[in-house]
RNA sequence: GGGUGUGUAGCUCAGUUGGUUAGAGCACUACGUUCACAUCGUAGGGGUCACAGGUUCAAGUCCUGUCACACCCACCA
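Residue numbers (the working numbering): 80 to 941.
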């Protein structure tokens with residue numbers, strides 16, 4: 080399909096141009112990856128799949144466009160580009176959006192309701208409607224499909240050159256399969272295991288909660304100062320705590336090793352008030368001398384620090400909080416709940432069992448007061464407490480069975496892999512390395528959620544109907560993808576589901592990163608290629624997810640195939656608010672990407688994105704898009720001007736114009752271009768597209784402001800083939816140089832050029848200009864530019880129009896440069912408006928323009 | 001508290017390995033512009049390169065310290 084336009088309009092109509100380009104590129108598959116070419120001839124990108132949970136942010140446009148510029152450069156430099164696009168649509172963000180959008184909530188207990196149509200509900204004052212798991216998943220699929228169509232449209236409007244045939248979503252059957260394969264591989268290698276472990280738990284929603292959904296809230300509470308008697312002595316220590324209801328779960332008392340007040344107690348035991356549990360006083364850096372009373376209790380689990388401490392202590396777990404947020408009915412004298420006086424302890428605890436945490440706290444304070452353990456009445460404080468962002472009650476730590484990937488034993492390897500990868504900017508590698516060094520937890524990949532990749536796992540039930548968690552039944556590779564809630568493990572029938580001696584599904588889904596960490600593998604699968612393997616060439620991403628996306632992808636590549644996932648990571652910066660804070664959602668929504676595209680045009684928005692360097696956070700500056708629009712306009716007008724000249728030139732039908740560039744000034748001009756082309760390529764080689772744009776743009780404005788003025792009159796002479804050929808070369812070259820940045824306007828102009836325009840090929844498949852071996856002396860060019868600027872300056876200083884003729888002028892120059900200037904006297908006369916015979920030359924020490932006399936009478940005649 | 005950056009003109013940012021008089025765009029001022037382009041052109045004003053020391057013939061650039069800001073992490077008895 081040829082381009083639908085052959086000549087430029089007199090006025091530029093950007094929306095029309097963009098529409099023409101979009102359909103032309105799509106019809107001709109311009110950006111299609113060619114899977115017949117070798118890996119060496121392919122540039123492979125691991126595109127970040129944006130989270131589909133609402134609208135695209137201008138930050139997306141910013142960083143994704145930077146990658147597109149790189150991709151377009153590589154394509155024009157002769158490579159086929161493997162440039163996939165994906166949507167990250169599984170996981171919590173999607174569930175949350177669906178809950179709010181349709182005002183529904185998933186209740187796995189409910190049966191499926193066929194024909195249920197979720198509807199968008201504007202205000203969510205009404206209570207949420209509970210729907211079955213399957214209905215909920217269908218609602219997720221419905222909304223993500225709609226959101227993805229919107230995203231796709233914006234990305235096409237901005238001219239990103241993805242191969243839309245290589246499109247994937249992280250909830251697709253193919254992605255689920257890859258993700259489950261990954262799980263099974265890690266399971267078979269012994270890297271993943273089922274561990275009973277405390278996790279943050281929302282008692283209202285009855286679900287584990289991910290770190291990302293947690294927020295701190297300043298909450299009013301009380302400090303309780305409690306006497307803990309030392310076993311076998313009259314002494315006691317006073318402990319300040321905000322959570323006295325955790326006394327029954329106390330496992331240790333800690334103080335700082337250097338704290339002289341408590342050193343004498345280390346190794347001794349206290350008896351926990353009310354429950355008479357002997358608990359050791361141990362030194363620990365975890366305690367701080369000047370906080371509270373300097374000595375604290377560790378319980379399972381009052382907060383995250385308790386969890387960390389418990390894990391390294393090896394002490395038994397005392398779980399007292401149930402999943403409903405009420406105190407469990409435990410018995411002292413049994414298991415971990417040791418007591419010197421079990422009967423008394425049980426009498427006390429009986430008054431607490433079944434109460435909510437808040438009720439239990441009030442009750443235990445009462446008991447402590449009655450029994451004389453309160454050192455003083457509770458003191459009110461305000462402190463930060465962790466909440467689930469949608470929850471109303473504080474998060475509790477509840478132990479549950481979760482799948483963990485062992486990473487802590489692979490730190491060295493992970494660091495080594497990080498060093499094999501080139502990070503741009505380089506300091507991002509330090510960030511990665513510091514993160515790996517500080518790693519103190521394994522990776523919990525299971526979530527008690529619904530819209531995600533299910534674990535391909537079932538558990539056998541014993542005669543009592545209790546699951547055997549020690550020997551999970553893992554799906555066979557050839558059966559993937561599986562949904563264990565629907566599919567049946569080998570050797571069982573559906574009738575045995577949930578029955579004694581039958582089986583039960585693992586109801587968890589995977590953390591979304593467990594799937595995103597496989598984007599290279601998922602993309603390769605979507606691209607149906609056997610030419611590509613890890614490592615890819617580049618991974619573009621932002622710096623906030625080095626510790627997640629980059630890290631997990633490196634970890635998975637290491638565990639699966641002992642390789643790095645990509646050779647280089649290109650880290651983009653953030654768009655900041657004018658107050659230099661990370662741009663907030665409210666701001667981002669006011670300035671939507673589509674609004675900017677409509678206001679400035681895609682090329683101008685791209686210009687803005689490409690002006691920023693990698694890894695540098697930039698304040699949002701709309702002015703730069705206006706600047707981009709000027710450039711686009713200038714490209715259009717300068718091209719139109721040159722096309723007019725060429726139309727009237729004897730060169731019009733010459734396909735190869737370069738041999739006609741013969742005049743010294745034109746040769747020098749070309750040499751200037753050549754130097755710039757070399758610079759631009761050098762910058763691109765290190766992904767410094769912004770610096771490349773800068774040198775190209777600078778030369779282009781010089782071309783318009785000076786060069787065109789110098790050559791103007793001469794170019795109107797149809798016999799001056801050198802002038803016309805030079806202009807053809809320059810326009811042709813600039814279009815290709817600007818093509819990665821401004822693909823729309825350059826394509827339109829290129830397709831409408833009056834020479835060599837028979838083929839229907841896109842500009843974006845032409846060769847990016849490479850520096851030739853041209854090395855003409857550019858001094859004559861510089862000298863003429865200088866003379867032109869001196870004459871302009873003289874006229875400006877005299878406050879008269881640039882059209883004023885010069886009736887006398889003397890140019891002095893060193894002897895060896897003088898002849899070259901005499902050779903181009905016509906050009907000098909043309910650009911300066913010098914009347915015939917007025918231009919004089921003289922040998923001088925340096926180039927100098929003197930004795931300028933302007934013909935003011937010419938002006939007054941008007 | 002740990003880590004990583006940033007601090008250059010009114011604003012947004014360049015400034016490569018130290019090397020003339022520190023740059024660009026926008027904004028501002030003046031002048032100009034029928035002949036590709038007012039989405040234009042020419043010229044101009046504007047900087048103690050956060051601060052303090054140091055190395056050097058020479059520091060925006062290298063070293064040390066201080067301050068301010070941002071991001072990530074940890075802490076919050």
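Every residue gets a Cβ at the ideal spot worked out from N, C-alpha and C, and that includes glycine.
This one's a predicted model, so the numbers in the text were calculated from it and none came from an experiment.
Among all the DSSP beta bridges, which residues are the ones paired with residue i?
| i | result |
| --- | --- |
| residue 205 | According to DSSP, residue 205 bridges with nothing at all. |
| residue 620 | 650 |
| residue 295 | 465 |
| residue 277 | 478 |
Do residue j and residue i count as a contact pair if the criterion is CB distance below 8 Å?
| i | j | result |
| --- | --- | --- |
| residue 819 | residue 148 | yes |
| residue 400 | residue 406 | yes |
| residue 807 | residue 863 | no |
| residue 306 | residue 352 | yes |
| residue 609 | residue 646 | no |
| residue 533 | residue 563 | yes |
| residue 887 | residue 840 | no |
| residue 711 | residue 821 | yes |
| residue 300 | residue 460 | yes |
| residue 381 | residue 472 | no |
| residue 893 | residue 921 | no |
| residue 280 | residue 530 | no |
| residue 492 | residue 637 | yes |
| residue 153 | residue 768 | no |
| residue 357 | residue 417 | yes |
| residue 828 | residue 739 | no |
| residue 355 | residue 408 | no |
Residue i: which of the options sits nearest, CA to CA?
| i | options | result |
| --- | --- | --- |
| residue 257 | 605, 769 and 696 | 605 |
| residue 698 | 129, 141 and 133 | 141 |
| residue 285 | 418, 526 and 833 | 526 |
| residue 489 | 509, 473, 517 and 507 | 517 |
| residue 504 | 766, 159, 250 and 415 | 766 |
| residue 369 | 341, 381 and 136 | 341 |
| residue 773 | 755, 747 and 114 | 755 |
| residue 248 | 242, 223 and 233 | 223 |
| residue 588 | 208, 287, 241 and 113 | 287 |
| residue 899 | 924, 252 and 856 | 856 |
| residue 309 | 796, 784 and 360 | 360 |
| residue 653 | 642, 700, 680 and 641 | 700 |
| residue 677 | 236, 101 and 80 | 236 |
| residue 241 | 143, 797 and 205 | 143 |
For residue i, count neighbouring C-beta atoms within 10 Å of its own C-beta (all shown protein chains included) and say buried if the count is 16 or more, exposed if not.
| i | result |
| --- | --- |
| residue 375 | buried |
| residue 151 | buried |
| residue 623 | exposed |
| residue 367 | exposed |
| residue 843 | buried |
| residue 935 | exposed |
| residue 548 | exposed |
| residue 191 | exposed |
| residue 881 | exposed |
| residue 665 | With a pLDDT of 49 at residue 665, under the threshold of 50, the predicted position of this residue should be treated as unreliable, though the coordinate-derived value follows. Label assigned to residue 665: exposed. |
| residue 97 | buried |
| residue 92 | exposed |
With DSSP run on the structure shown, which of helix, strand or coil describes residue i?
| i | result |
| --- | --- |
| residue 831 | coil |
| residue 843 | helix |
| residue 168 | coil |
| residue 501 | strand |
| residue 482 | strand |
| residue 816 | helix |
| residue 250 | coil |
| residue 702 | helix |
| residue 475 | strand |
| residue 385 | helix |
| residue 809 | helix |
| residue 628 | helix |
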